[in-house]
Structures are given as C-alpha cells and as structure tokens.
Amino acid sequence: MGTLPSTPFRLHLAELLLRLCGYQIYQALCPKAALPRPRFAAVRTLFDPTREPSSSSALDAGALVLYFPAPNTVTGEDVLELHLHGGPAIVKSVLTAISRVSQPDSLVRYAEPGEFTRRAFMNNRLDLPQIEALGDTLSADTEQQRRLAVRGASDALSRRYEQWRQQLLYARGELEALIDFAEDQHFDESSDELVLSVAAQVQALRVQVGFHIQNASKGELLRHGIKIALLGAPNAGKSSLLNQIVGKEAAIVSTEEGTTRDIVDVGVDLSGWYCKLGDMAGIRSEPVNGKESVVIGAVEKEGIRRAKARALESDVVIVVLSLERGAFDDIPYQLSIEQEVVEAVNDCLAADKCIVIAINKCDRLPLDVHNSQFLPEQLLASVSDLFPTVPQKRIFGISCREAQLESALERKDPGHLQEFLRGLISTFEEIASPSGIEGDANGDYNLSYWEDSLGVTHRQSSNLQRCLQHLDDFLAQTSRKHAPSMLGHEHEQQPIEMEIDIVTAAEHLRFAADALAKITGKGESGDVEDVLGVVFEKYVSLLIRRSIGSLLTVY
Numbered sequence: 001m002g003t004l005p006s007t008p009f010r011l012h013l014a015e016l017l018l019r020l021c022g023y024q025i026y027q028a029l030c031p032k033a034a035l036p037r038p039r040f041a042a043v044r045t046l047f048d049p050t051r052e053p054s055s056s057s058a059l060d061a062g063a064l065v066l067y068f069p070a071p072n073t074v075t076g077e078d079v080l081e082l083h084l085h086g087g088p089a090i091v092k093s094v095l096t097a098i099s100r101v102s103q104p105d106s107l108v109r110y111a112e113p114g115e116f117t118r119r120a121f122m123n124n125r126l127d128l129p130q131i132e133a134l135g136d137t138l139s140a141d142t143e144q145q146r147r148l149a150v151r152g153a154s155d156a157l158s159r160r161y162e163q164w165r166q167q168l169l170y171a172r173g174e175l176e177a178l179i180d181f182a183e184d185q186h187f188d189e190s191s192d193e194l195v196l197s198v199a200a201q202v203q204a205l206r207v208q209v210g211f212h213i214q215n216a217s218k219g220e221l222l223r224h225g226i227k228i229a230l231l232g233a234p235n236a237g238k239s240s241l242l243n244q245i246v247g248k249e250a251a252i253v254s255t256e257e258g259t260t261r262d263i264v265d266v267g268v269d270l271s272g273w274y275c276k277l278g279d280m281a282g283i284r285s286e287p288v289n290g291k292e293s294v295v296i297g298a299v300e301k302e303g304i305r306r307a308k309a310r311a312l313e314s315d316v317v318i319v320v321l322s323l324e325r326g327a328f329d330d331i332p333y334q335l336s337i338e339q340e341v342v343e344a345v346n347d348c349l350a351a352d353k354c355i356v357i358a359i360n361k362c363d364r365l366p367l368d369v370h371n372s373q374f375l376p377e378q379l380l381a382s383v384s385d386l387f388p389t390v391p392q393k394r395i396f397g398i399s400c401r402e403a404q405l406e407s408a409l410e411r412k413d414p415g416h417l418q419e420f421l422r423g424l425i426s427t428f429e430e431i432a433s434p435s436g437i438e439g440d441a442n443g444d445y446n447l448s449y450w451e452d453s454l455g456v457t458h459r460q461s462s463n464l465q466r467c468l469q470h471l472d473d474f475l476a477q478t479s480r481k482h483a484p485s486m487l488g489h490e491h492e493q494q495p496i497e498m499e500i501d502i503v504t505a506a507e508h509l510r511f512a513a514d515a516l517a518k519i520t521g522k523g524e525s526g527d528v529e530d531v532l533g534v535v536f537e538k539y540v541s542l543l544i545r546r547s548i549g550s551l552l553t554v555y
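The opening residue of the sequence shown carries number 1 in the UniProt record's numbering; numbering runs sequentially from there.
In structure tokens:
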C-alpha cells in the first residue's frame, strides 16, 4: 500500500494486513542492496523490478530510503519511506514499477484517503482528539490557529477524558456494590454517606466538564476566526477603517451617504488572529440632520436591517463614531451621534457582545490634543455616558484620513491606528482567554491545564454536553433525599425523606461515561471488568477487614 503526501517528493509504503510489507517492495526495487538500518537514511538506486538491474533499468540513482519497523511507527506497522527526486517522470516511473511488484498472493495498491490515519487509530497510535488536531494542523493559516492545533496534538485532552471516565466507572462501581451487597453486608459508610460521597465527586467533575464546554466556544474563535462587525452612521468612516485594517481597498469610500448597502466581508490575519471583518450599511433614521427631504430607500433599509442582524451575530462589534465640525466658532468640533446607532449598540450590549469604540476624524481636534495619545477627558466622558458598560480602555481616537496621507509615513503612528489595533488584539486575548477554577488546593491557577481545553472541538463539546446532562440528572436524582415539602406549618418548607433510586442513578453515570468514551473512540463504560473490579474490590476488602477482626477476637 502506498500514498503520496501533499508534496510530490515523498512516497510512503506500509505493510498490509495481507502480510505484505515494505520489505517485499524493497527487495523488488533494490535487489542487490541490504535493508537499511532501522530509522537511518540510506542512499539507494531503485531499479525496474521487471528487468535485470543495470544502468538502463535504473529508476532513480539517488533515492533516500528509510525503514521504520513496527510497532513504533506512525501507523504501528512497518513503514518504508522512499524520498525521491521530485521530477514528475521519476515519480511516475517509480509508481509504475511498484504496481508491477504485485503477486498473485499479494496486492500493492494506493492507500485510500485517510487510511494511514485510520490505521494509526486502529493500532492505538492516535486517538480521535489527536486526529482532529492533525486536521487543524494541516489547515492552520494563522499563528493562533497553529498554537491551538499543536496544543491539541498532544494527548493531554485524551488522558483527561479517560481519567474522567475512570472516575465515573469507579463511582458507578461503588453504587453497584451498594446495590448488590448493602442488604447482606455492613460497609464502613452508611448508604447515605456513600451516596453523598459519590455525589460530591460527580459535582467536582461537573464543574470541570462545564468549564471545558465553555472554553470550547472560545477555541472556536481561534479555529474559525473572530467575527467583527463595523457599526456606525453613514460617513462615520467604517469603510475607511476597514481598508486601513486589511491594508487594501476592500470597500468603496465616498462622501455620499449610503454608499455601502450590503455587507462586505474580508478575512485578515491580525497579529496571528484570524478575523472576519464585516463592513455594513450606515445606520440612520429619517430625517437626518433636520433634512426632511431625505428619504431612506427600500434597499438601504434592508441594508440597515442586515447590519443590525450581523452585529448581533458577531463576536466583536467595532462602533465607529465621528467628530464633525462644530456649528459655532467657539465649538471647533462635536461628536456626531445617531440615535439609531446608540439603540443598535445597546441591543448588542444586551446580547453580551464585546464592544470596541473607535472615534474617527480625530484630526479635527486641536493640534495640542490630537498629537497626544489620549482623547480629551470631556470627549471620553461623553462616550462613557452614552455607553457606561463599555470600559474606557476600549475607547480609542483614530484618524483614517491622517493614516492615508503620504506625509503620515514619517510619523510613528499616524492616525493612532497602531494603538487602536493593539487595543483590538488585547480585546481578542480577553475574550479568548480560557475560563477555569481560580486555584487548586494550594491556591495555584494552572493556566496550561485550562489552555489545553481551548482545543476542545465541536464534536468533543457535543459529547461533553451530553455527559454534563447525565451528570446533572444524577445530581438531581441523588439530591431528592432531602427534597423540600410545602406541607409544613404556615407553608414553611419542611425536608422530607425520599427514597433514592440507586439503579437509575448508576445508569446516569453509565451514560455520562459513554459520552466520554465516544470522544476518544476508546473504551466503553459498560465494560464488565471495570465496574466489577470496583465492586469486588470494595466487597473483598470488607471481607478481609472482617476476617482480620475475627482473628484478633479469637486470639
């Protein structure tokens, strides 16, 4: 079996389940040379297997050959690698020669798509989370995507899932022991104490699973990109800001209001973060600036509706406000506020969207102010009054006009665009930072542990959600022991004793462990050996302690 990787320079051959291995192919292509030392490269001349070895039958006079014996290979099987010269004729001739090696009792064929990965999984060289991370590694375009893929390529998450599964198996085994032997034997713990102990373990596990589900959505931001919406009034500078961020004329810029009617989506790599920027129609209402004759057409109204909807679907909303010339000489500038924009931003805040505010046209500020890196306190206070829940560290003053001027190249940060981008990156880091338990028993926060949880994929998250649901069902079942009653004096809540269905509770743990087993593709919660091992361990240890007690009594 053979396959070609993404580049035409390497050919992989591996042993088949039909007892065909790379060694047979090696003997046919290199009849006069010994098998190379395992894991060491050797230069070999490859010959046509249907002709006598000679200079005229040579296929490649300088091929590098590496032999990897099982089981410590990527697939767990014998692997022979041929590193050929990259000429198409050489590759074609070697592939043709390999097809001639087939014998009546053996077959050499091309590997099916993903077959090497499937063999690695079947031979326990890779698990499903690692295979998913492998796909992310091959498709990574940005630095953050690469880091996420490399983090997921380790077996940290798989070992974590398996540890959780074992905890559930042990907890279920304790309940099974209670079911089977509670009537005949007296354990060190009462039934209530045992159930409460198991419930405490399940509750601690539930917290861990919940944080991993929460961090999975943050990992999706890194994997598929952060959706950003540019929201603002017409002519506020949304399209100009988009062009400055992506470094090209991605959107049409015009002084005419309503130039952008539909959503313009652009993908860009911002310091390693993949972002999907959306420039949208300017939001305004009728009339504008007291102009009763201004009428918003049906197309623009649809564009405004889509802009508001896109903002609610985005992860980050950049609100673009603008400074306009003041109406009087003593007021050189004024903040242009469109009430429709304010209402749209408030809707986004109510939906718990991350808001970043960019005040454009700050070149209209007095020179002594706009040359500094800070907005005037009065202007900053005005924006904070409009949106009090937006932190001031997410409010920036920019000037797209200054950034476009050729003379701006002489300045360190023309238009304060770099300062704005640094603040935007800082916002990305905040919304994508992993959530977790603040500290362990020693008060230490294991950042690496929770960063690994960012690698949880959508498939893994779906199974974790099923696991979480069964854990909640178990906790609800066991908490019925002291359920409140409304039948007491003056309708006061009185605790009443309710019988716990241990069998049903144990089944919830089995279903939860099943969900974890589906993540890695290995192990079944219903394995009789695992559960009975805990049951017998608890029962036998009880008998041993009683036997020792009897011997001491006799003595």
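Glycine included, C-beta positions come from ideal geometry on N, C-alpha and C. This structure is a prediction, so every number in the text was calculated from the model and none was measured.
- Item | Opposing strand residues paired with Ile395 [DSSP bridges] | Secondary-structure assignment with DSSP links Ile395 through a beta bridge to Ile357.
- Message: Measuring straight from C-alpha to C-alpha, what distance separates Ile395 and Pro129?
- Response: C-alpha of Ile395 to C-alpha of Pro129: approximately 40 Å in a straight line.
- By how many angstroms is the C-alpha of Ala344 removed from the C-alpha of Ala233? So the two alpha carbons sit approximately 11 Å from each other.
- Item | Range of the contiguous alpha helix (DSSP H) that encloses His470 | His470 -> alpha helix (DSSP H) spans 458 to 478.
- Query: CB-CB under 6 Å to Ser93, same chain, minus the five flanking residues each way: which ones, in chain order?
  - Reply: Closer than 6 Å at the Cβ level, and outside the excluded window around Ser93, lie Leu59.
- For Ala483, the three-state DSSP class (helix, strand or coil): Only weak support is given to the placement of Ala483: the predicted model assigns it a pLDDT of 47, under 50, and the value that follows is read from those uncertain coordinates. Note: Ala483 maps to strand in three-state DSSP.
- Is the CB-CB distance between Ile98 and Val108 below 8 Å? Yes, Cβ-Cβ distance for Ile98 and Val108 is below 8 Å.
- Please name the residue or residues paired with Phe68 in a DSSP beta bridge. As a beta-bridge residue in DSSP terms, Phe68 pairs with Val79.
- Gly423 versus Gly267: straight-line alpha-carbon distance, rounded: It is roughly 19 Å from the alpha-carbon of Gly423 to the alpha-carbon of Gly267.
- Query: Pick from Thr142, Leu134, Ala177, Gln166: whose alpha carbon is nearest that of Leu221?
  - Reply: Distances from the CA of Leu221 to each of Thr142, Leu134, Ala177, Gln166 were compared; the closest alpha carbon is that of Thr142.
- Message: Let me confirm a value: Ala34 is counted as buried when at least 16 other C-beta atoms fall within 10 Å, else exposed. Which label applies?
- Response: Result: exposed.
- Message: Tell me the rounded alpha-carbon separation between Leu84 and Asn123.
- Response: So the two alpha carbons sit approximately 28 Å from each other.
- Message: Just to confirm my understanding: we take His212, look at its own chain, exclude 5 residues before and 5 after, and list those with CB closer than 7 Å. What are they?
- Response: Within the same chain, His212 has close Cβ partners Ser453, Val456, Leu464.
- Item | Under 8 Å between C-beta atoms of Trp164 and Leu516 | Their beta carbons are under 8 Å apart, which means Trp164 touches Leu516 by this criterion.
- Roughly how many angstroms lie between the CA atoms of Gln145 and Gly521, to the nearest whole one? Taking the CA atoms as reference points, Gln145 sits about 24 Å from Gly521.
- Collapsed DSSP secondary structure at Phe387 in the structure displayed: In the structure shown, Phe387 sits in coil (DSSP, three-state: anything other than H, G, I, E or B).
- Would you identify the three-state DSSP class for Lys276, choosing helix, strand or coil? Correct three-state label for Lys276: strand.
- Can you give the beta carbon distance from Val209 to Leu417, rounded, assuming they're within the 8 Å contact cut? Actually they do not touch by this definition, with Cβ atoms about 42 Å apart.
- Item | Beta-carbon proximity list for Trp273, same chain, < 7 Å, skipping 5 on both sides | Beyond the five residues adjoining it in sequence on each side, Trp273 comes within less than 7 Å, by CB distance, of Thr142, Gln144, Ile226, Ile425, Phe428 in the same chain, given in chain order.
- Hey, Ile398 and Gly415 are a contact pair by Cβ (cut 8 Å); roughly how many whole angstroms apart? In this structure Ile398 is in contact with Gly415, their Cβ atoms being roughly 6 Å apart against a cut-off of 8 Å.
- Query: Name the DSSP bridge partner or partners of residue 563?
  - Reply: Nothing can be reported for residue 563: it is not among the residues displayed for the chain, which extend from 1 to 555.
- Task: With distances taken Cα to Cα, identify the nearest neighbour of Arg125 among Asn446, Ala236, Asp155, Gly87.
- Result: Among Asn446, Ala236, Asp155, Gly87, the Cα nearest to that of Arg125 belongs to Asp155.
- With a CB to CB cut of under 6 Å and the five nearest residues on each side skipped, what residues in its chain are close to Ser197? If we look at Ser197 and ignore the five residues flanking it on each side, it has no Cβ neighbours.
- Between which two residues does the beta strand (DSSP E) containing Arg44 stretch? Start and end: 42 to 47.
- Just the Cα atoms here: how many angstroms apart are Glu402 and Asp363? When rounded, the distance between both Cα atoms is 7 Å.
- Task: Determine, using beta carbons only, whether Val317 and Ile283 come nearer to each other than 8 Å.
- Result: No, these two residues do not count as a Cβ contact at 8 Å.
- Query: What is the rounded straight-line gap between the Cα of Gly114 and the Cα of Ala89?
  - Reply: In a straight line, the C-alpha of Gly114 is about 26 Å away from that of Ala89.
- Where Ala236 and Ala298 are concerned, what is the direct C-alpha to C-alpha distance, given to the nearest angstrom? One C-alpha to the other measures close to 21 Å.
- Keeping to the same chain, check which residues put their C-beta closer than 8 Å to that of Thr137; ignore five residues upstream and five downstream. Same-chain partners within the cutoff: Arg146, Ala149, Val150, Ala153.
- Determine the extent of the beta strand (DSSP E) in which Asp265 is found, giving its start and end residues. Note, Asp265: beta strand (DSSP E), 264 to 270.
- Item | Ala229 - containing beta strand (DSSP E), residue span | Per DSSP, Ala229 is one residue of the beta strand (DSSP E) stretching across 226 to 232.
- Out of Asp48, Asn72, Phe511, which has the shortest C-alpha to C-alpha gap to Ala28? If we check each option's Cα against that of Ala28, Asp48 comes out closest.
- Query: Hey, how far is the Cα of Pro31 from the Cα of Gly87?
  - Reply: Approximately 23 Å, taken between the alpha carbons.
- Euclidean distance between Cα positions of Tyr161 and Ile519: Using only the alpha carbons, I get a separation of about 8 Å.
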